[in-house]
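The listed protein sequences derive, respectively, from chains A and B.
The working numbering puts the first residue of the first sequence at 8, with every later residue one more than the last.
The working numbering puts the first residue of the second sequence at 8, with every later residue one more than the last.
Heads up, the thing below is written out as structure tokens.
Protein chains: 2
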Amino acid sequence: MAPDAQTFPDALSAMELFHGLPASALETVAVAARVRRLPKDMRIFNQGDPDARAHAVIEGVVRIVQSGSDGAQAILRLVGPGEIFGTVALFADGCYPADAVTVSETLEISWSKSELLDLMARYPLVAINVIRIVGKRLQDVQERVRELATLNAERRVAHAVLRLARQAGHGATDGTAIDFPLRRKDVADIAGTTLHTASRILTAWEKAGLLVTRRQHLTIRQPAQLLRIAEDGADQGGRSR
Amino acid sequence: MAPDAQTFPDALSAMELFHGLPASALETVAVAARVRRLPKDMRIFNQGDPDARAHAVIEGVVRIVQSGSDGAQAILRLVGPGEIFGTVALFADGCYPADAVTVSETLEISWSKSELLDLMARYPLVAINVIRIVGKRLQDVQERVRELATLNAERRVAHAVLRLARQAGHGATDGTAIDFPLRRKDVADIAGTTLHTASRILTAWEKAGLLVTRRQHLTIRQPAQLLRIAEDGADQGGRSR
DNA sequence: CACGTTGTTTGCGCTGGCGCAAACAGTTCC
DNA sequence: GGAACTGTTTGCGCCAGCGCAAACAACGTG
């Protein structure tokens, strides 16, 4: 697990960013990179910081949060292994548009702007990969805009939970578990609601047997039912009324 | 105004997509392009259509709308002259993620996937431009996610109106006018609220003198006050309570 | 083990803004 | 000019879900 020359090429070649590159290219990439092992709850960068770098997660999870002038904040994304983050800032105004904080202990790798530009110039495929990655993310976020604009709180939470499961779900015998600490507040900030409403909804689902929660931990038992709530808005009658 | 060889290079060189390209490259671009003049309310593509092309607006405005399984829809973007749209689909799954409909008569230009890839291969700068454009858009949409998740209806409408003014505002003597047809329903679908709520808010603002509306037309008189509502949530006391 | 910290649940009241419905006002078409 | 259409305003009732507050539960720490 130590960040040595052995584990790197594997981790790098598994990244979508470097998909399709020859092994020799990965060497170049590895040489240019800065790698850090970060403890839990470590701030990697803050909203508005200049001189952005291109980051990626090798192990662990990073939370991307945007805060408003008031305290209110929205979780834009949870970044898992193999995914990049903080990269679009390089090509826009150079300032990070959100905060990045580790959710659990994380192995992070990053490149400076000039290093990334060099890589893209040398391997144009990297640029294509960036476009594909950012494009997919744009589609995701746009879908979320529609959800926030048109769905009620329960359906938004359902979408949030399913998205988390799809992205970070670790299949267990008794369902799909999310294997990093996830607070009620986090679910709320992802779904665009309050801690209280999110808690009530999750509790109701737990009583209906759709999922199980331990402190900061969540396992989905009946994804089909959740999906139905997310899509139809059909509550299965599990909640008291 | 006719789409002839004279007007093209000008329009193309003004596009951010081709920023920094030599004149000779623009010739290549122009040759590969398909250009169409479209009437108002024409559907350019539909959500889910395969075989996406890369589009751009030369004149006019195009509305990008995403619809849910129920009728509810959100306006993701209004595309003005010089802007590209429908392009990220090329690099993702090849299917358009939303509908595109002309808001007014529009001169549209487009390229097929292979043509765009050729252009990017020949002129790597185009790929960089795409990344910058999509990156900026991603930042915009992410900001909107936070707004939808944390702000109340009035502040969301204020942000929507200001965004429209910034993007498509035509400065007149008596304020900033938006010079394409804009219905109350459109404002609502942008701000993530209902036609009724949007109407009430705009009417209140009109009574307070912040803006003037004629049918499908809107002129901002006091952007500073609007900005204050958008930022602080400070209602200027113009609305009766 | 006692204590502080952090996360979760839940009751209660209140309100923003949604939903319905109806009237009204420009526009286009015949 | 009348009729059909499209867009806008507004009144009214209601409820989802926010906000407050308080109790509870799990965890870490000395």
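Where a beta carbon is used, it is the ideal one built from N, C-alpha and C, also for glycine.
When the Cβ atoms of the region 104 to 112 of chain A are set against those of the region 69 to 78 of chain A, are three or more pairs found closer than 8 Å? yes
Answer yes or no: the CB of residue 47 of chain B versus the heavy atoms of the ligand ZN, is any distance below 6 Å? The ligand content of the structure shown is nil, which means the ligand ZN is not present either.
Range covered by the alpha helix (DSSP H) that runs through residue 141 of chain B: Position 134 of the second sequence, counting from 1, holds the residue named residue 141 of chain B. Taken as a continuous stretch (DSSP letters only), the alpha helix (DSSP H) holding residue 141 of chain B covers 131 to 157.
Tell me whether residue 112 of chain A sits in a helix, a strand or coil according to DSSP, three-state version. On the first sequence, position 105 is the one that residue 112 of chain A refers to. Three-state DSSP puts residue 112 of chain A in coil, outside helix and strand.
Can you find a CB in chain A that lies within less than 7 Å of the CB of residue 88 of chain B? As a first step, residue 88 of chain B must be located in the second sequence, where it is residue number 81. So no, residue 88 of chain B is outside the interface.
Closer than 9 Å at the beta carbon, the chain A residues around residue 143 of chain B: If you number the second sequence from 1, residue 143 of chain B lands on position 136. Under the 9 Å cutoff, chain A gives 95, 98, 99 and 100.
Sequence-distant residues of the same chain with beta carbon closer than 8 Å to residue 57 of chain A, five excluded per side: By one-based count along the first sequence, residue 57 of chain A stands at place 50. Cβ within range, chain order: 101 and 102.
In chain A, which residues lie less than 7 Å from residue 75 of chain B when you measure between Cβ atoms? Here residue 75 of chain B refers to the residue found at position 68 of the second sequence. Under the 7 Å cutoff, chain A gives 153 and 157.
Which two residues bound the contiguous beta strand (DSSP E) that contains residue 70 of chain B? Residue 70 of chain B sits at position 63 when you count from the first residue of the second sequence. 69 to 74 is the extent of the beta strand (DSSP E) around residue 70 of chain B.
Are the beta-carbon atoms of residue 65 of chain A and residue 114 of chain A separated by less than 7 Å? Working through the first sequence from its first residue, we reach residue 65 of chain A at position 58. Working through the first sequence from its first residue, we reach residue 114 of chain A at position 107. For residue 65 of chain A and residue 114 of chain A, yes; Cβs fall inside 7 Å.
Quick check on residue 225 of chain A: does DSSP put it in helix, strand or coil? Here residue 225 of chain A refers to the residue found at position 218 when the first sequence is read from its first residue. Residue 225 of chain A: strand per DSSP, three-state reduction.
Check whether the region 39 to 56 of chain A touches the region 123 to 141 of chain B, counting contact only when three or more Cβ pairs, one atom from each stretch, lie closer than 8 Å. no
Going along chain B, which residues have a C-beta under 7 Å from residue 146 of chain A? Counting from 1 along the first sequence, the entry for residue 146 of chain A is found at position 139. Going along chain B in sequence order, the residues near residue 146 of chain A (Cβ under 7 Å) are 95, 99 and 104.
7 Å is my cut-off, CB to CB: does residue 230 of chain A come that close to chain B? The count along the first sequence starts at 1 and reaches residue 230 of chain A at position 223. No, its Cβ sits nowhere closer than 7 Å to a Cβ of chain B.
Where does the unbroken alpha helix (DSSP H) through residue 33 of chain A begin, and where does it stop? Locating residue 33 of chain A in the first sequence gives position 26, where the first residue counts as 1. Its alpha helix (DSSP H) spans residues 30 to 39.
Enumerated in chain order, which unbroken segments of the alpha helix (DSSP H) with a length of 4 residues or greater are wholly contained in the region 167 to 222 of chain B? 191 to 198 and 202 to 214
Residues near residue 87 of chain A in its chain [Cβ-Cβ closer than 7 Å; skip 5 each side]: Numbered from its first residue, the first sequence carries residue 87 of chain A at position 80. Result list for residue 87 of chain A: 64, 68, 174 and 175, in chain order.
Check whether chain A comes within 7 Å of residue 50 of chain B, counting only Cβ atoms and requiring the distance to be less than that. For the purposes of this step, residue 50 of chain B is identified with residue 43 of the second sequence, where counting begins at 1. Not one chain A Cβ lies under 7 Å of residue 50 of chain B.
Using the C-alpha atoms, what's the distance from residue 122 of chain B back to residue 37 of chain B? Along the second sequence, one-based indexing puts residue 37 of chain B at 30. Along the second sequence, one-based indexing puts residue 122 of chain B at 115. Taking the straight line joining both Cα atoms gives about 11 Å.
Could you name the residues of chain B that residue 138 of chain A contacts, counting a contact when the two beta carbons are closer than 7 Å? Counting from 1 along the first sequence, the entry for residue 138 of chain A is found at position 131. The contacting residues are 98, 134, 137, 138 and 141.
Please state if the CB of residue 164 of chain A and the CB of residue 227 of chain A are separated by a distance shorter than 7 Å. Counting from 1 along the first sequence, the entry for residue 227 of chain A is found at position 220. Counting from 1 along the first sequence, the entry for residue 164 of chain A is found at position 157. Their beta carbons are not under 7 Å apart, which means residue 227 of chain A does not touch residue 164 of chain A by this criterion.
Which residues of the region 186 to 199 of chain B have a Cβ closer than 7 Å to any Cβ of chain A? Give them in chain order. 199
Chain B contact residues for residue 131 of chain A, given Cβ-Cβ distances below 9 Å: Within the first sequence, numbered from 1, the residue matching residue 131 of chain A stands at position 124. Residues of chain B passing the Cβ test: 127, 128, 131 and 134.
Beta-carbon spacing of residue 218 of chain B, residue 232 of chain B below 7 Å: Counting from one through the second sequence, the residue named residue 218 of chain B turns up at place 211. Counting from one through the second sequence, the residue named residue 232 of chain B turns up at place 225. No.
Comparing the C-beta of residue 245 of chain B with each C-beta of chain A, is any distance below 7 Å? Counting from one through the second sequence, the residue named residue 245 of chain B turns up at place 238. Interpretation of residue 245 of chain B is limited by its pLDDT of 39, a score under 50 that renders its predicted location unreliable; the figure taken from the coordinates is listed afterwards. Chain A contact via Cβ: absent.
Residue 35 of chain B versus residue 189 of chain B - alpha carbon distance: The sequence position of residue 35 of chain B within the second sequence is 28, counting from 1. The sequence position of residue 189 of chain B within the second sequence is 182, counting from 1. One C-alpha to the other measures close to 36 Å.
What's the C-alpha gap between residue 192 of chain A and residue 124 of chain A? The count along the first sequence starts at 1 and reaches residue 192 of chain A at position 185. The count along the first sequence starts at 1 and reaches residue 124 of chain A at position 117. Their Cα atoms are separated by approximately 38 Å.
From this set, B:146, B:178, B:237 and B:151, which residue's C-alpha is nearest residue 199 of chain A's C-alpha? Stepping through the first sequence from its first residue, residue 199 of chain A is reached at position 192. Of the candidates B:146, B:178, B:237 and B:151, the one whose C-alpha sits nearest the C-alpha of residue 199 of chain A is B:151.
Taking 7 Å as the cut-off, decide whether the C-beta atoms of residue 195 of chain A and residue 211 of chain A are in contact. Taking the first residue of the first sequence as 1, we reach residue 195 of chain A at position 188. Taking the first residue of the first sequence as 1, we reach residue 211 of chain A at position 204. No, Cβ-Cβ distance for residue 195 of chain A and residue 211 of chain A is not below 7 Å.
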